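According to the numbering used here, the stretch in the sequence shown is residues 669 to 763, in order. As structure tokens, the structure follows; a few thoughts come after it.
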Amino acid sequence: MTDKKVSKLEEAAQLHTKGEFSKSFPIYAELAEEGHVLSQRFLGWLYFRGEGVEVDLDKAIFWLESAARQGDVEAMFGAGRAYMSKKGAIIESGV
Numbered sequence: 669m670t671d672k673k674v675s676k677l678e679e680a681a682q683l684h685t686k687g688e689f690s691k692s693f694p695i696y697a698e699l700a701e702e703g704h705v706l707s708q709r710f711l712g713w714l715y716f717r718g719e720g721v722e723v724d725l726d727k728a729i730f731w732l733e734s735a736a737r738q739g740d741v742e743a744m745f746g747a748g749r750a751y752m753s754k755k756g757a758i759i760e761s762g763v
């Protein structure tokens, strides 16, 4: 990962921590498109939770599966949650 990408990821993480999801979203989206696994997972969670973007379970599943295919275990869990939500299962919040 180049220094520029690391800097972008750090910026997105700081914005996310501050709750500025609409500002972190485009940064994660750019990095996710480039194949960055952590950004793919974060983007999936943003779509799942509707943080900085409208809830979109199809896009959440797409990005979480993209990260999961690269071995991201948390994304595997997230994809499962998104599938269950799409099927109408009741999921307690907390993750």
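Each residue gets a CB set at the ideal place from its N, CA and C atoms; glycine is no exception. In this text the structure is predicted, and so the values were computed from the model without any measurement.
Selection from E702, F689, E688, G687 that minimises the alpha carbon distance to V674
E702
Residue closest to G748, alpha-carbon to alpha-carbon, out of G718, L732, G687:
L732
Tell me whether K672 sits in a helix, a strand or coil according to DSSP, three-state version.
helix
Under 8 Å between the Cβ atoms of G720 and F689?
yes
Give me the Cα-Cα distance between D671 and S707, rounded to the nearest whole angstrom.
15 Å
Are F716 and A681 touching if we call contact CB-CB under 8 Å?
no
Whole angstroms is fine: what's the gap from H704's alpha carbon to K755's?
28 Å
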